[in-house]
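Novice: Right, I'll just put the structure down here and ask away after.
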Amino acid sequence: MTKKTKLLLGGGLIVAALAYLINSGIREAAVYYITPSELKAKGGTVTDRSLRLGGMVVPGSLHWEPKTLKLTFRLTDGKEEVAVEHTGSPPDLFKEGAGAVVEGKCTADGPFQSSMIMAKHSEEYTPPKNGEGSAQHIHQTVAKPQLTP
Amino acid sequence: MVKAPDPMSGQSVERTIAVLTVVGLAAGLYSAFVYAPADAVQGEVQRLMYLHVPLILISYLAFFVVFVASLLYLWRRQSWYDAVAHSSAEIGVLFTALSIAIGSIWGRPTWGAWWTWDARLTTTAILLLVFLGYLMLRTLVDDPSRGATFCAVLGILGFLDIPIIHMSVVWWRTLHQPASMLRPGPSAVAPDMQVALYANLVAFGLLYAYLLIKRLQIEGAREELLRLQMELLG
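Chains as they are written, first to last, in the working numbering: chain Z, 1 to 149; chain W, 150 to 383.
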């Protein structure tokens, strides 16, 4: 293969990747997640397509079953709440009162079945206040989340 | 024709920038790892911000230089502008790729994902791909002046992605948080952390300047070589 063919192949790959990204990526990224209100408005249409649901973890709704690794909580956008069920440990920054995006499927009458949890964090960065412990402990929670304070 | 810089003054400027870059990077590392406090929410891993943010901001600068140099090339048709655009694009691609890699490492423990297709990440991936394509396009076109013209157009178009990247967190729902510093109102970063951010921003700015000078020297040497070859072959 000559240098020119290699370059053409590489260039073609980049153009194809760009076209794909701009066509499907941007459209999907524009509606990165739907809110609990939007999910409710869809009227419980259960599809096999997985979707992303974003909102705040309702304080007091978080339950963790250490034996089965079952994690349940509710997500809210301030108007509607959606119950979510997940198996496995969540990311470090996932906690009550914080933003989260879950990927998964709607079930007929049960909770939203999440296959992936992503924690949103704010754009604010500050050192811990006096008297507060440092945040070092959060990186030890991967193995055993201490979700209920 | 690449302008041959005055050897004496050029060298001393270059040496000054080299020294400042080394000092700046050392100060940047110190401020990031020792001076700045750990974040209240994220802990030590938040220190990745001091690399992630300066790298992407300097790559914006690099692509802005591509933008301006490309416009000047299309206007004046002097190969020096094309050399500046190409050199700056190479550094921009390197810094963007590094910033994405570091962002990915930061995202795994905090978000819980190495990568996700939200608008901020997608538009940044597009920026990287456009300028990778830019670098390839140049080697694809045989006629150098035609290649330079194509690249100038692509460089100008590619730069237009940057305002979209910046606004992506405002226009669309994203996993990526909104801007902490380049935003209306006061900065959302604690003062001690801002010091570390600015120190690294200056350090990477200097590194960019140094790399750009070095890259332009290579370009100058290449033109000189071509000229000598032409002379010898008649």
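Heads up, the beta-carbon is just placed ideally off N, CA and C, and yes, glycines get one too.
According to DSSP, simplified to helix, strand and coil, what is TYR33/Z?
Specialist: Taking the first residue of the first sequence as position 1, residue 33/Z is located at position 33. Three-state DSSP puts TYR33/Z in coil, outside helix and strand.
Novice: How close, in whole Å, do the beta carbons of THR272/W and ASP310/W come, if the pair is a contact with beta carbons under 8 Å?
Specialist: For the purposes of this step, residue 272/W is identified with residue 123 of the second sequence, where counting begins at 1. For the purposes of this step, residue 310/W is identified with residue 161 of the second sequence, where counting begins at 1. Contact flag correct, Cβ pair sits at about 6 Å.
Novice: Run through the DSSP bridge pairs and tell me what ARG74/Z is partnered with.
Specialist: Translated into positions along the first sequence, residue 74/Z becomes position 74. In DSSP, ARG74/Z forms a bridge with ALA83/Z.
Novice: For VAL318/W versus PRO327/W, is the C-beta spacing smaller than 8 Å?
Specialist: Position 169 of the second sequence, counting from 1, holds the residue named residue 318/W. Position 178 of the second sequence, counting from 1, holds the residue named residue 327/W. Cβ atoms of VAL318/W and PRO327/W: closer than 8 Å.
Novice: Does DSSP classify VAL319/W as helix, strand or coil?
Specialist: Here residue 319/W corresponds to residue number 170 of the second sequence, with the count starting at 1. If DSSP states are grouped into helix, strand and coil, VAL319/W belongs with the helices.
Novice: Please report whether the beta-carbon of ASP92/Z lies at a distance below 8 Å from any beta-carbon of chain W.
Specialist: Residue mapping note: residue 92/Z aligns to position 92 of the first sequence, counting from 1. Under the Cβ distance rule, ASP92/Z counts among the residues neighbouring chain W, one pair being separated by less than 8 Å.
Novice: Going straight from the alpha carbon of ALA83/Z to that of GLU96/Z, what length do you get?
Specialist: Position 83 of the first sequence, counted from the start, is the residue given in the question as residue 83/Z. Position 96 of the first sequence, counted from the start, is the residue given in the question as residue 96/Z. In a straight line, the C-alpha of ALA83/Z is about 14 Å away from that of GLU96/Z.
Novice: Under 8 Å between beta-carbons, which chain Z residues line up against SER329/W? List them in chain order, please.
Specialist: Against the second sequence, residue 329/W aligns to sequence position 180. The contacting residues are GLU123, GLU124, TYR125.
Novice: Please return the same chain residues whose Cβ sits closer than 6 Å to the Cβ of VAL168/W, not counting the five positions on each side in sequence.
Specialist: To locate residue 168/W, count along the second sequence from 1; it is residue 19. Within the same chain, VAL168/W has no close Cβ partners at all.
Novice: Which residue comes first and which comes last in the alpha helix (DSSP H) that contains GLU193/W?
Specialist: Indexing the second sequence from 1 puts residue 193/W at position 44. Premise fails: GLU193/W is in no alpha helix (DSSP H) and is neither H nor E.
Novice: Are at least three pairs of beta-carbons, each pair with one atom in the segment 270-290 of chain W and one in the segment 231-244 of chain W, less than 8 Å apart?
Specialist: Output reads yes: the segment 231-244 of chain W touches the segment 270-290 of chain W.
Novice: Three or more beta-carbon pairs under 8 Å between the segment 189-200 of chain W and the segment 344-360 of chain W, yes or no?
Specialist: yes
Novice: Hey, is LEU51/Z's beta-carbon within less than 8 Å of any beta-carbon in chain W?
Specialist: Mapped onto the first sequence, residue 51/Z falls at position 51. Not closer than 8 Å to any Cβ of chain W, the Cβ of LEU51/Z fails to qualify, so no.
Novice: Going by other Cβ atoms of all chains shown within 10 Å of its Cβ, with 16 needed for buried, is ALA41/Z buried or exposed?
Specialist: Counting from 1 along the first sequence, the entry for residue 41/Z is found at position 41. Burial call: exposed.
Novice: When the distance is taken between beta carbons, is ALA348/W closer than 8 Å to SER208/W?
Specialist: Taking the second sequence and counting its residues from 1, the one referred to as residue 208/W is at position 59. Taking the second sequence and counting its residues from 1, the one referred to as residue 348/W is at position 199. In this structure, ALA348/W does not lie closer than 8 Å to SER208/W by Cβ.
Novice: Given that PRO66/Z touches chain W, what residues does it touch there, using C-beta distances under 9 Å?
Specialist: Position 66 of the first sequence, counted from the start, is the residue given in the question as residue 66/Z. Ordered by position in chain W, no residue passes the 9 Å Cβ test against PRO66/Z, which lies about 19 Å from the chain.
Novice: Here's the rule I'm using: 16 or more other beta-carbon atoms within 10 Å means buried, otherwise exposed. How should ARG371/W be labelled?
Specialist: Within the second sequence, numbered from 1, the residue matching residue 371/W stands at position 222. So ARG371/W counts as exposed.
Novice: Which residues in chain W sit within 8 Å of ALA119/Z, going by Cβ to Cβ distance?
Specialist: Along the first sequence, one-based indexing puts residue 119/Z at 119. By Cβ distance, chain W contributes THR259, TRP260, GLY261.
Novice: List the residues of chain W whose Cβ lies closer than 9 Å to the Cβ of ALA30/Z, in chain order.
Specialist: By 1-based counting over the first sequence, the position of residue 30/Z is 30. ALA268, TRP320, TRP321, ARG322, listed in chain order.
Novice: Residues in its own chain within less than 6 Å of ALA187/W by CB, not counting five upstream and five downstream?
Specialist: Here residue 187/W is taken as the residue at index 38 of the second sequence, counted from 1. So the list reads GLU193, once near-sequence residues are dropped.
Novice: Per DSSP, what kind of secondary structure is VAL15/Z in: helix, strand or coil?
Specialist: The residue given as residue 15/Z occupies position 15 in the first sequence. Helix.
Novice: Just to confirm the assignment, what range does the beta strand (DSSP E) spanning GLU368/W have?
Specialist: Taking the first residue of the second sequence as 1, we reach residue 368/W at position 219. Element bounds for GLU368/W: not the beta strand (DSSP E) but the alpha helix (DSSP H), 340-382.
Novice: If you measure beta-carbon to beta-carbon, which residues of the segment 182-193 of chain W are closer than 9 Å to chain C?
Specialist: You won't find chain C in this structure, because its protein chains are Z and W.
Novice: By the three-class DSSP mapping on this structure, what secondary structure does HIS201/W have?
Specialist: As a position in the second sequence, residue 201/W is number 52, starting the count at 1. In this structure, HIS201/W counts as helix in the three-state DSSP scheme.
Novice: Report yes if the C-beta distance between PHE411/W and PHE308/W is below 8 Å; otherwise report no.
Specialist: Residue 411/W is absent from the structure shown; chain W starts at 150 and stops at 383.
Novice: Measure from the alpha carbon of ARG52/Z to the alpha carbon of each residue in GLU103/Z, SER122/Z, ALA108/Z, GLY110/Z, then state which is nearest.
Specialist: Reading the first sequence from its first residue, position 52 is the one you call residue 52/Z. Per the Cα distances, GLU103/Z.
Novice: CB-CB under 6 Å to ALA218/W, same chain, minus the five flanking residues each way: which ones, in chain order?
Specialist: On the second sequence, position 69 is the one that residue 218/W refers to. Hits under 6 Å: TYR230, VAL233, ALA234.
Novice: Mind checking ILE314/W: buried by the 16 CB within 10 Å criterion, or exposed?
Specialist: Against the second sequence, residue 314/W aligns to sequence position 165. Classification for ILE314/W: buried.
Novice: Strictly under 8 Å for the Cβ-Cβ distance: is GLY78/Z near chain W by that measure?
Specialist: Here residue 78/Z refers to the residue found at position 78 of the first sequence. No, because no Cβ of chain W sits closer than 8 Å to the Cβ of GLY78/Z.
Novice: What residues of chain W sit near TYR33/Z, judged by a beta carbon separation below 7 Å?
Specialist: Along the first sequence, read from residue 1 onward, the residue named residue 33/Z stands at position 33. Simply ARG322.
Novice: Who are the Cβ neighbours of TRP255/W in its own chain at under 7 Å, not counting the five residues just before and after it?
Specialist: As a first step, residue 255/W must be located in the second sequence, where it is residue number 106. Excluding positions up to five away in sequence, the list reads VAL194, LEU197, HIS201.
Novice: Can you pull the chain W neighbours of PRO128/Z, defined as C-beta to C-beta under 7 Å?
Specialist: Counting from 1 along the first sequence, the entry for residue 128/Z is found at position 128. Those are ALA189, listed as they occur along chain W.
Novice: In whole angstroms, what separates the C-alpha of GLY60/Z from that of ALA100/Z?
Specialist: Counted from its first residue, the first sequence places residue 60/Z at position 60. Counted from its first residue, the first sequence places residue 100/Z at position 100. Rounded to the nearest angstrom, the two C-alpha atoms are 15 Å apart.
Novice: Going along chain Z, which residues have a C-beta under 8 Å from GLY282/W?
Specialist: Translated into positions along the second sequence, residue 282/W becomes position 133. Correct list: GLY11, ILE14, VAL15, LEU18.
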